[in-house]
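Chemist:
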Amino acid sequence: MKCDYACLSGEHEIGRRQFLGGLAGGVGAIAGGLGMMASPAAAKQLSKDQKRVVVIYMSGGLSQLESWDPKPKTKTGGPFRAIPTSVPGVHISELLPLTAKHMDKLSIVRGINTKNGDHGKGSYQMQYGRNQRPGIQLPNLGAVCAKALESPTNPLPGHIRIPGGGRGNDAAYLGPRYASIGINGKPPANSARVSSLTEEADQARNAFRRKANSRFDRQRRTAQTDAYTYSYEQAQELMKKRGVFDVAKEPAADHERYGKHDFGQHCLMARRLLENGITFVQLSHSNYDTHNENFNFHLEQLGEFDRSYSALVSDLHERGMLDSTLIIVMSEFGRTPNINKYYGRDHWGTAWSVCLAGGRLQRGAVVGKTNAGGTAVIEDEVDHGHLFHTYLAAVGLDSSDTFDIGGRPIPLADPRRAPITKLLS
Amino acid sequence: MNQENTPEAAKPATSPLDAKQAHVKATWKHGSPLIACRYDPKGRYLFTSGEDYSLQRWDLATGKPTVWAAHESWIRDIAFMADGETAISVGCDDKMIFWATAAEKPAPLKTIEAHKGWIRAVEVSPDGKMIATGGNDNLVKLWNADGSLLKELTGHDSNVYSIFFHPGGEFLLSGDLGGKVHQWELSTGKLVRSFDAKDLHSYNGGQKVHYGGVRSIALSPDGKHLACCGLHKATNPLGAVNEPLVMLFEWESQKKVRSHVAAGVKGILWQVNWLADGTLAAASGGSGGGFLIFWKPGEDKEFHKLKLPNTARDADLHPNGLELATVHHDRQVRITRLTAKTTPGKPKPKK
């Protein structure tokens, strides 16, 4: 559907996608189609099931040696042992005993070389799938997924960040609709109608706003006014469904199982949001930047992670959601094989790992290999670009496809890279 | 063998204790960074452990090492039975292993799965009848000398970092990550009382980490003061930004009487010992480098500190009370003599 913008320019093409099909009033009348991809067939590749993605960002740089690629009894191995998993021959760190039981649902990429040891650059690489370049603004994985996988019938925001607050500046040309909304394990701030305002008065003022907007739009409609209108309508829908964000509504036994610490509650919240059709949820667990006492701190942090993460994987599997939900455990980089004088490990992007699960990914697969000391990748080397493609492919997207931005095709992912085909089923 | 490791350096100290004269008399090198060290009670050997999962036995008379693969993981602490003939090592593989101290080719005499999780501390009672261990399962365990379990002491709510037998034979003390020091009655296993050493613990809300802990406990020779060491002012735990601290308590009243700090030193105190003259000696490591730091019990600040060439990770006092061994990340064992240097005699002119 062509949007009748006042200036008739093509620059606002993306604005067509900034409306919800199900919105009420005048906004519904201007809701556009869903053809955001260059290929009309692109939308068809999505299965009938709503695809979803959850990212668990191990902030600071999780040590691959204390998690997915242990090297016990080597000079770089540290004190932790490797334990067998539910997949014969695959071992992970003893810090992840509960996760090890679910290895048959997981995949590990052990051959990552991002050639970077800087927090900011690594964070960008892993969340945007490319190296950051001055003057170039790209949407991150959450924004891309929120746009490409969104359900036209779900009025809830598609890109949630936990913990956090406010709206992220991470959607670039896809527009604010796909930018992340930060929440802290509770319904978003100010999402309840204030007690001094009656429901009737609230409805009346919204009806007046829509009427005024509609009149204004007849002559002065732009992408900016659409975004403004959309923000109001989304807020209305969010207020109606604010209970979705209330993790306290989950059963007490689940709170216990996930753990009552922040990360446990955030994982439980993620399950709740995914079940309610939210496309992309990013959690973070802090902090793994262990230049000092790496082993004590990984013991502490991964104890929390193991319990909550394994509960989430188990639940999504048991509820039949794992085929349609991709779970990514990533960091900005790994940690040095060398153990420093403080019993710490430093930044290391040369040979490290991520763990994935769900979607089209093979279960129980390990792709990539590092040498005996973990100092170099010796088989199936990949980088953040390959991973970004793989994430998109895992949820049924053609990662070589493009967004149509003002008539210009903009690749979803770095065209110089491709998915890790060995991982895809 | 290093230059310092000469027969002269190996000779026992003959000068009186004087911490201000402390000097490194010998340096021995292993093949990997070192973790822990303990002297055998007879003063024949120093046992050390390394990041290569091995134990090393250094002959104090010659400086020669015997090295053997010992555990499936790092060895965190070492102790000896009272007669010195049996060594005990504990590690991150949950095991406690007994060794014949002087065996030509050491082999395990007994291996016990002692805790669920790392064992961070082991000590033997002064009468040699009991062994105590503490670990990441938040438990303190008492063992008979033959390795049979005697008692399991529950009451810590964080990892147990340190163990100390009161020389009177009635009590055991154990310190944890959270800064609690529990006093247990050995005959009943009951928790008698606790010392509040929470200054040695911090929780960093931004980094979401607990940090610090009671790394070592020692009682003064007169039995009147209890010293607990570790770190404080942990403004950046993940970046090793913290300062060393010894907390000093009155034994009877449990009153905190002093916080011993070290001017200008960043880091952590791994081990604290009382010297025979009442001086408190501790070894530090961390971002400020390695030091041996000495305090008088009545003074907050140190009266002397000896800069070591590398960060220290553990220390032990020789049974003669005149030498401190330290182990370091740079793979070196350093033996520091706490006396004045021996003045070498004039060499005889060659004919």
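Sequence lines, in order, name chains A and B. Here the first sequence is numbered in the numbering used here, starting from 34 and rising by one per residue. Here the second sequence is numbered in the numbering used here, starting from 14 and rising by one per residue. C-beta: ideal position from N, C-alpha, C; glycine also. The model shown is predicted, which means the values in this text are computed figures rather than measured ones.
(1) Could you tell me whether the Cβ atoms of Ala92(B) and Val153(B) are closer together than 8 Å?
(2) Would you call the CB atoms of Val314(A) and Ile195(A) closer than 8 Å?
(3) Examine the Cβ distances between the segment 121 to 128 of chain B and the segment 90 to 110 of chain A and report whether three or more of them are shorter than 8 Å.
(4) Which residue or residues does DSSP assign as beta-bridge partners of Glu412(A)?
(5) Measuring CB atoms only, is the segment 388 to 395 of chain A touching the segment 354 to 364 of chain A, in the sense that at least three cross pairs come out at less than 8 Å?
(6) Would Lys148(A) and Gly382(A) be called neighbours here (beta carbons separated by less than 8 Å)?
(7) Please list, in chain order, the residues of the segment 231 to 254 of chain B that have any C-beta partner in chain A closer than 7 Å.
(8) Output yes if chain A places a C-beta closer than 8 Å to the C-beta of Val103(B); else output no.
(9) When burial is assigned at 16 or more other CB atoms within 10 Å of the CB, is Glu183(B) buried or exposed?
(10) Tell me which same chain residues have a C-beta within less than 6 Å of the C-beta of Thr339(B), skipping the five on either side of it?
(11) Taking the beta carbon of Pro139(B) as the centre, do at least 16 other beta carbons fall within 10 Å, making it buried, or is it exposed?
(12) Quick one: give me the first and last residue of the alpha helix (DSSP H) that Gln298(A) is part of.
(13) With DSSP as the reference, identify every bridge partner of Gly391(A), one or two as the case may be.
(14) Measuring straight from C-alpha to C-alpha, what distance separates Lys38(B) and Thr349(B)?
(15) Let me check understanding here. Comparing Cα to Cα, which of Gly440(A), Leu230(A), Cys388(A) lies closest to Tyr424(A)?
(16) In the DSSP assignment, find the unbroken beta strand (DSSP E) run with His238(B) in it and report its ends.
(17) Would you verify that the beta carbon of Trp81(B) is, or is not, closer than 8 Å to some beta carbon of chain A?
(18) Does the beta carbon of Pro112(A) sit closer than 8 Å to a beta carbon anywhere in chain B?
(19) Where does Lys455(A) sit, in a helix, a strand or coil, going by DSSP?
(20) Hey, is the segment 276 to 284 of chain A in contact with the segment 321 to 331 of chain A, meaning 3+ C-beta pairs nearer than 8 Å?
(21) Counting only C-beta atoms, is Thr323(A) closer than 8 Å to chain B at any point?
(22) Between the alpha carbons of Ser42(A) and Asp413(A), how many angstroms are there, rounded?
(23) Measuring only between beta-carbons, confirm whether Ile443(A) sits less than 8 Å from chain B.
(24) Are the CB atoms of Leu68(B) and Ala83(B) within a distance shorter than 8 Å?
(25) At least one CB of chain A closer than 8 Å to the CB of Glu64(B): is that the case?
(26) On the DSSP bridge list, what partners appear for Gln315(A)?
(27) Along the chain, where does the beta strand (DSSP E) that runs through Asn331(A) open and close?
(28) Taking DSSP as the reference, what is the three-state secondary structure of Leu288(B)?
(29) If you compare alpha carbons, which of Asn217(B), Gln220(B), Arg133(B), Ser300(B) is closest to Ser229(B)?
(30) Taking only beta-carbon atoms, is Gly406(A) less than 8 Å away from chain B?
(31) Taking the runs of the beta strand (DSSP E) that are 3 residues or longer, which of them lie wholly in the segment 174 to 253 of chain A?
(32) Could you check whether the Cβ of Tyr261(A) sits closer than 8 Å to any Cβ belonging to chain B?
(33) Count Cβ pairs between the segment 260 to 276 of chain A and the segment 182 to 190 of chain A that sit closer than 8 Å; are there 3 or more?
(34) What three-state label does DSSP hand Tyr52(B) in the structure shown?
(35) Tell me the DSSP secondary structure of Lys273(A) in three-state form.
(36) Hey, does Gly144(A) have any beta-carbon neighbour from chain B nearer than 8 Å?
Modeler: Let me lay it out:
(1) no
(2) yes
(3) no
(4) Lys402(A)
(5) yes
(6) Against a cut-off of 8 Å, the Cβ pair of Gly382(A) and Lys148(A) comes out as a contact.
(7) Pro250, Leu251, Gly252, Ala253
(8) no
(9) exposed
(10) Ala296, Ala325, Ala328, Arg347
(11) exposed
(12) 295 to 308
(13) Beta-bridge annotation (DSSP): Gly391(A) is paired with Leu359(A).
(14) 6 Å
(15) Cys388(A)
(16) 238 to 249
(17) no
(18) yes
(19) Helix at Lys455(A).
(20) no
(21) Thr323(A) counts as touching chain B.
(22) Low local confidence applies: a pLDDT of 38 at Ser42(A) is under 50, so the model's placement there is unreliable, with the coordinate-based value given in what follows. Approximately 46 Å, taken between the alpha carbons.
(23) no
(24) yes
(25) yes
(26) Val88(A), Arg194(A)
(27) At residue 331(A) the sequence reads His, which differs from the Asn that was named. Element bounds for His331(A): not the beta strand (DSSP E) but the alpha helix (DSSP H), 327 to 351.
(28) Leu288(B) sits in coil when the DSSP states are folded into three classes, being neither helix nor strand.
(29) Arg133(B)
(30) By the rule that beta-carbons nearer than 8 Å mark a contact, Gly406(A) does not touch chain B.
(31) 192 to 195
(32) No, Tyr261(A) does not count as interfacial toward chain B.
(33) yes
(34) strand
(35) helix
(36) Chain B, which has no Cβ nearer than 8 Å to the Cβ of Gly144(A), makes this no.
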